[in-house]
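What follows is a single structure, written as structure tokens, with notes after it.
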Amino acid sequence: MSECEEGERLAELCRVAVSLGAEDARVIEAKEVVVGNWVRLKCQYGCDGYGRSLACPPFSPTPEEFSRVLGEYRHAILVRIEPPDLSEFSLFCHDLMLRLEREAFLRGHYKAFALATDGCPYCEECNLESCIHPEKLRPSMEGCGIDVFATAAKAGYKIGVCKGRDAKPSFYGLLLVE
Ligand code: SF4
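Numbering (UniProt numbering), first residue to last: 1 to 178.
Below you can see the structure in the form of structure tokens.
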């Protein structure tokens, strides 16, 4: 496949992401995804999702494991999401990313793998042992050590910390694709 055809196939996935409800989506090189050990530390100390679902540490891949996986991909689609209802942001992001992964797979991107944000939203309480919806379980980006802030900024998104409760946050998902 020519570079041009490949670029068009990836651009098509960005359009699919938007049609599924994303605010925007951009193709980046997989090596532009920033991973740091300190991100995991933030999960462990200060996040109330730590240890509460199989999508998060200590159950999700470590930054080291995830970096190795990342090395086996050439591209990623970074998806910016502004959920219509903030109280359901996690479910909205996970559903959107799962549907995007499926669309990519059906288009021939057989290695497509989605990461969302936050813990797994599909059970009221995770049993933390054996997932009852394994087809829906995907790790959170930050839980794998992805520095979402730096990755989004590198992709050209304007991103800043929310300084008050009235600030409207954006969320991100990542689709790894070949
Ligand atoms: S689907 Fe349920 S059991 Fe599986 S990881 Fe999510 S919350 Fe846990």
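Virtual Cβ for every residue (Gly too), placed ideally from N, Cα, C.
| Item | Value |
| --- | --- |
| Residue 117 beta carbon less than 8 Å from that of residue 50 | no |
| Closest by C-alpha distance to residue 238, when choosing among 140, 34 and 130 | Residue 238 is absent from the model: the chain starts at 1 and stops at 178. |
| Runs of beta strand (DSSP E) lying entirely within the region 42-105, each at least 3 residues, in chain order | 75-81 |
| Residue(s) in a DSSP beta bridge with residue 113 | 176 |
| Anticipated Cβ contact below 8 Å, residue 27 with residue 11, distance rounded | 7 Å |
| Inside the region 104-163 only - beta strand (DSSP E) runs reaching at least 3 residues | 113-115 |
| CA-to-CA distance, residue 15 to residue 29, given in whole angstroms | 18 Å |
| Extent of the continuous alpha helix (DSSP H) to which residue 11 belongs | 3-19 |
| Residue(s) in a DSSP beta bridge with residue 29 | 75 |
| Residue 34 in three-state terms, based on DSSP | coil |
| Cβ-based burial, residue 155 [other Cβ within 10 Å; buried from 16] | buried |
| Option in 52, 89, 22 and 98 with minimal Cα separation from residue 124 | 52 |
| Own chain, CB closer than 7 Å to residue 148, minus 5 neighbours either side, in chain order | 141, 142 and 172 |
| Sufficient close CB pairs (3 or more, under 8 Å) joining the region 81-96 to the region 105-113 | no |
| C-alpha gap between residue 75 and residue 178, whole angstroms | 6 Å |
| Length of the line joining the Cα atoms of residue 168 and residue 162 | 8 Å |
| Through-space distance from residue 13 to residue 61, alpha-carbon basis | 25 Å |
| Residue 94 CB to nearest heavy atom of the ligand SF4 below 7 Å | no |
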